[in-house]
Amino acid sequence: MDAILIQILNGVDKGAAYALIALGLTLVFGTLGIVNFAHGALFMLGAFCSVTFNKLLTLSVKVKDEGVTLFEAFKEEPYLKIWFGDTGLAIIDYSVPLSILMAIPVMILVGYVMERGLIQHFYKRAHADQILVTFGLAIVLQEIVKATFGANPIPQPPPEIVAGSANVGLWLGLGESVVYPWWRLIYLVFSGAVIFAVFAFLQFTTYGMVVRAGMRDRETVGLLGINIEKRFTIVFALAAVVAGVAGVMYTPILPPDFHMGMDFLVLSFVVVVVGGMGSLGGAVAAGFLLGIVQSFASMNEVKEIFPGIDQIIIYLVAVAILLVRPRGLLGRTGVMED
Amino acid sequence: MKKINVNDTTLFLSFAAVILLMPIWLSPFGAAYPDLLQKFAIYGIFAIGFNILFGLTGYLSFGHAAFLGVGSYAAVWSFKLFTMNVLPAVAFGIFFAGLLALAIGFLSLRRSGIYFSILTLAFAQMSYNLAYSVLTPITNGETGLQLTSNDPRWIDAMYKTPEAGLPSTELFGLTMNGYPGFYFCAVILIICFYISLRIFRSPFGLTLRGIKTNQKRMKYTGFNTRPYMLAAFVISGMYAGLAGSLLAITDPLAGAERMQWTASGEVVLMTILGGVGTLVGPMLGAGLIKYFENIFSSFNSGTLHEVFSFLPDGLEVVVVKVTGLFVGSGWHLTLGLLFMIVVIFLPGGIVEGVQKLARLFRPKTDDDPQAPAPQKQAAE
Amino acid sequence: MTDFTKFDRRQVLKFGAAGAATLGAAPLIFSKNAWAETFRNDPGSKKSVTLGFNVPQTGAYADEGADELRAYKLAVKHLNGEGDGGMLNTFTPSTLKGNGILGKKVEFTTGDTQTKSDAARASAKRMIEKDGALMITGGSSSGVAVAVQGLCQESGIIFMAGLTHSNDTTGKDKRRYGFRHFFNAYMSGAALGPVLKKEYGTERRAYHLTADYTWGWTQEESMRKFTEEMGWETVAAVKTPVGAGDFSQYITPVLNSGADVLILNHYGKDMINSLTQAVQFGLRDKQVNGKNFEIVVPLFSRLMAQGAGDNIKGILGSTNWNWSLQDEGSKAFVKSFGAEYGNPPSMAAHTCYVQTLLYANACEQAGTFYPPEVIKSLEGFKFDGMGNGPTEYRAEDHQCFKDVLVVRGKQEPSSQFDLLEVVEVTPRAQVEYDAKIFGGELGPYKV
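Chains as they are written, first to last, in the working numbering: chain A, -12 to 325; chain B, 225 to 604; chain C, 105 to 551.
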């Protein structure tokens, strides 16, 4: 029973992460009609905002390491520690959540530059062209990150206080055996909040209404004298921010490296397509569905019956859903079908 | 369309000549060695086949690497079980890839657009994941399927006693490594190019183009597009299987990573880079990407110093530093930039670039009204 | 639709003739027998020899590859008599004089394996066919090593494997032309077993998470063999997809399985991720069956351990070599590498450096570059002063036998490089095994 419960919790947690990672992608699909293969790279850039922020916080004096005699080695002592002592160390400890403060403006800028400099010229081009140019951009971005930070993953520990596990079972009155990492619970709440905020923005604000109208019929909205282009730029920047903060918050779970964007690219596309192109609700539903299904497929009991099922389950579900529902869970007719 | 026209003949002949003479004209570029030449030809076949689907129908498959992989596995198994002769290997490769393409195509073609792409991607990723892990008895997993000296090779065993060591792949006694391997692939490439040319010019090709332009209207006229789509899908899958079997023929090893989505992505990139829907574009794209992968990645600071040794010392160091970012371990960066530049400035791929150049050099006062039209067709 | 298959007979003839004419004009057709008298890429009277360094420069192992390449370049320097000579001064018995190999200057060519068999073979073929490489070395995974080793056997080029840990490389996929200095999964198990017994006792219940491919399986197999022999029970052994990223769905079942040891048969990014996540799940703070829950990582690499940060502290594993070793050979190498690049060498760098020197020395001893003679001089070669104590290249399977290091993630690292402490140097006799247990055959000397 506990095993099932914890697996459900795990599935929900994974699902929230999938949904958050895919959210920006579906937003850009839905509003701008752009197949953005650089979405994974935006996720990765967000994660490296966290790395950069951490590096800034831990800018250090280099002290010669006397312990190493064979070559010149240096120990590092962060300025923050020298200046503020324990307070400084506490700030460093919170570097991951604090780095969101840096990630948001940086990602807005990245999104703005990317849309104005590149994407806007591709609104009317074939999807194949969009794929190629954004894929090229993704490679360029990841190679720049690799040249700067190296190819190895860089650990980004969560704050000490939430490094361990929470006793979820006790909260629910189920005994002590159901535990779950604090940081993953935080990520779950965070995903929920971001997804809700994006929804609310599009659904309940006039601004969002205009964007949605623009999604349906750009020309008419333009004729009404609304500068839809400008709003699209902002939507793209928003998508970049969502991908970026998703990346920041994911770093304690997955030490970031330059390739993590590519690793998540296929997954996020599957989530978006299963949900239905351009449908936010669909992406969220698909994220949860795939997360839970994957979680259960990985259980030993299931794997004994179907060896290797956990390797293919996501694709299997995707195929099944697309064959039953032509446009994914909640996709609209005619979007990205040609 | 009954007869191949003059321009197509010229196009075909020059294509054949250029391919067969690659060992000569590629040597100044440092690419004239058998393995790379073989890769050019093989990935050329792969891309030309992919273009029959993508270029003509506009359906973007992200799963063609699965067919390439199956072709390779089938070929290696043919070497292991039956004979080192390459012809059965080619036949098995095409056959099994075609079979898989039929199954995947039958299901995937129920959807269009990005939904189709994701379906093909899902099937290919499933094949890759299974080949890498659970199907290891058949695929030998990560290590890849290789020949061993205790393979049965039933047909060969009937005629000759095995020599010490592993046998080589052969075409009735002619071993298929080195230049003979290249010429074998090149001849097949030329045949494939010819078939693709005929498909482009045939009523079948026109039908496919019609589907690309407006599938709905085709359907409204009572035209059932599905069989045509499926035929195109299977043909391009068979091309991929052929390419896969040739990979195994020139180098008898089949690995699962040949089926990974990045491999499927590679052929998409080759085709777009060269020029979607053009006849020679995919070949150009394939050649360019393989050239980058093999030659650019091999430049290190030593080679660069040699190249730029004519520069004054201080400048040389700077130039080597800067170019060093784009070669060796940075060759991916160059590739990424190339994709972006080509697609931003030359939406039609390299072929369009060549056409633009050609137009530039042709005097504007060209009074032969016939000239532009065949030119356009020839480059298609 | 049937039109396109109809060939015009005259045209086919025309094309055929054109094709044949071009074929005639092409360069000479090479055949295998051309090398029957001499051997492939014989440097002959040339003043230099070329070695091929085939390492991952892109992909997940790019940093490891970069470190390997640094080691190779250093080895070339030392062979050519530049720099301080490094291990050339401690390597015995050695006939290396610092004047190249057999008096020929050592040059090299580099390539990118991308950690993919196809790319690695293509790159190796370029080195052989275009650059005239006499020996190929490198690699950062077993799949690639086995693939390139097979190619080298067919081409008659010696392959000195870099980092490859699967039993298969010198087991069922061994080749006459392939040599491995690095240790393997079997040795990891054999070395770790006694230490685990000493540290954690004989009554333990182990849970394995295993990367679902050949290396993972061999690693799991040998860990199970040695832990079960000393009385541990294996609760479950679960295969995880390579590159899964998030391993949480595999870690949650561990919590309530009754296991008190988690063995992570993962390497590289998989190891970093699964370890980081397992620690976040609070496994190491757990008490099960009245014992502290423990995590074991059979194969450690310092470069990769950096990515796991604090999570590796106190975790046991095995490694081929560590820069903190205090023997003369290791010290000479670390000094020379550190002076050149400002950081200590990784174990991948060490094995690559050693392999290059061993090849060079074998040529010197054989007095020729002719591969069958070089191979014979490497087979059964006993040497010392290369950082692992007395070592032997066993003739039966071309595997080096030497002491194995059992290490632990250091609790109080003194610098960013000081991540592992040596717990025990397991003597060679303890990790030795019969070459026959893995099957395979080496194949002929002459190809």
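Here a beta-carbon is modelled for each residue, glycine too, at the ideal position from N, C-alpha and C.
message = Less than 7 Å between CB atoms is the rule here; does Tyr99 of chain A satisfy it with respect to chain B?
response = Not one chain B Cβ lies under 7 Å of Tyr99 of chain A.
TODO: Kindly indicate which three-state DSSP category Ile568 of chain B falls into: helix, strand or coil?
DONE: helix
State yes or no: is the beta carbon of Ala140 of chain C nearer than 7 Å to at least one beta carbon in chain B?
-> Because the pLDDT at Ala140 of chain C is just 42, under 50, the model does not fix this residue reliably, and the point stays unresolved.
Using 10 angstroms around the beta-carbon of Leu470 of chain B, count the other beta-carbons present and answer buried if the total reaches 16, otherwise exposed. buried
- Short Cβ contact (7 Å threshold) for Val458 of chain C with Pro448 of chain C: no
Does any residue of chain C have a CB that is nearer than 7 Å to the CB of Gly465 of chain B? no
*Per-residue burial, Glu102 of chain A [other beta carbons within 10 Å of its own, 16 or more giving buried]*: buried
Against chain B, does Gly243 of chain C count as a neighbour if the rule is that its beta carbon must be under 7 Å from one of theirs?
no
Item to complete: Kindly list the residues whose CB is nearer than 7 Å to the CB of Gln(-6) of chain A, restricted to its own chain and excluding five residues on each side of it in sequence; keep chain order.
Response: Ser282, Phe283 and Met286
(message) So, with DSSP's three-state summary, where would you put Asn288 of chain C?
(response) coil
Discussion item. Looking at chain C, is there any beta carbon in it that lies within less than 7 Å of the beta carbon of Asn518 of chain B?
Written reply: Taking Cβ atoms only, chain C reaches closer than 7 Å to Asn518 of chain B, which makes this a yes.
State the CB to CB distance for the pair Val271 of chain A and Ile141 of chain A, rounded to an integer number of angstroms; the pair is presumed to be in contact (CB under 8 Å).
-> Between Ile141 of chain A and Val271 of chain A the Cβ distance is about 30 Å, and since that is not below 8 Å, they are no contact.
Item checked: For Gln503 of chain C, the residue or residues it bridges with in DSSP -> C:Arg284
Original post:
Do you know whose CA, among C:Ala363, C:Leu379, C:Met264 and C:Gly362, lies nearest Asn369 of chain C's CA?
Top reply: C:Leu379
Practice prompt. Report the partner residues of Ser152 of chain A according to the DSSP bridge assignment.
Written response: A:Pro168
Amino acids of chain C, ordered along the chain, whose beta-carbon sits closer than 9 Å to that of Ile(-7) of chain A
Thr356, Pro357, Leu359 and Asn360
**Request:** Output the distance between the C-alpha atoms of Gly287 of chain B and Asp431 of chain C, rounded to the nearest integer angstrom.
**Result:** 53 Å
Which word fits Lys486 of chain C, buried or exposed, when buried means at least 16 other C-beta atoms lie within 10 angstroms of its C-beta? exposed
* Helix, strand or coil at Ile519 of chain B [DSSP, three-state] -> coil
Where do the ends of the beta strand (DSSP E) carrying Ser422 of chain C lie?
Leu420 to Thr423
Can you pull the DSSP bridge partners for Pro242 of chain A?
In the DSSP output, where bridge partners are listed per residue, Pro242 of chain A has none listed.
| query | Name the chain B residues that come within less than 7 Å of Leu267 of chain A, Cβ to Cβ? | reply | Under the 7 Å cutoff, chain B gives no residues; its nearest Cβ is about 17 Å from Leu267 of chain A.
- Buried or exposed by the 16-neighbour rule on C-beta atoms within 10 Å, applied to Ser518 of chain C: exposed
Contact list for Arg433 of chain B against chain C, beta-carbon separation under 7 Å | The contacting residues do not exist; Arg433 of chain B stays about 14 Å from chain C at best.
### Message
So with CB distances below 7 Å, who are the chain C contacts of Asp380 of chain B?
### Response
Under the 7 Å cutoff, chain C gives no residues; its nearest Cβ is about 17 Å from Asp380 of chain B.
- prompt: If you follow the beta strand (DSSP E) that Phe61 of chain A is part of, which residue opens it and which one closes it?
  reply: Phe61 to Pro65
Buried or exposed for Arg583 of chain B, going by 16 or more other Cβ atoms inside 10 Å? Under a 10 Å Cβ-count criterion, Arg583 of chain B is classified as exposed, with fewer than 16 other Cβ atoms of the shown protein chains found around its own Cβ.
Distance check for Glu530 of chain B and Ala179 of chain C, CA to CA, integer angstroms please.
21 Å
Is there a C-beta anywhere in chain E that falls below 7 Å from the one on Tyr371 of chain C? Considering every chain present, this structure includes no chain E. Its protein chains are A, B and C.
Can you list, in chain order, the residues of its chain with a C-beta nearer than 6 Å to that of Arg328 of chain C? Leave out the 5 residues immediately preceding and following it.
Thr338
How would you label Ala307 of chain A, buried or exposed, when you count the other beta carbons within 10 angstroms and need 16 or more for buried? The residue in question, Ala307 of chain A, is exposed, as its Cβ has fewer than 16 Cβ neighbours within 10 Å.
Practice problem: Identify whether Pro312 of chain B lies in helix, strand or coil by the three-state DSSP scheme. | Solution: helix
#### Entry: Any 3 or more C-beta pairs closer than 8 Å across the segment 234 to 252 of chain C and the segment 501 to 513 of chain C
Not touching, per the Cβ criterion.
Would you mind working out which of B:Gln484, B:Ala456, B:Thr281 and B:Ser285 sits nearest Leu343 of chain B, comparing C-alpha positions? B:Ser285
Could you check where the alpha helix (DSSP H) with Pro361 of chain B kicks off and where it finishes?
-> Where Pro361 of chain B is concerned, the enclosing alpha helix (DSSP H) stretches over Thr360 to Thr363.
- prompt: Is it buried or exposed for Lys133 of chain A, if we count other Cβ within 10 angstroms and need 16 for buried?
  reply: buried
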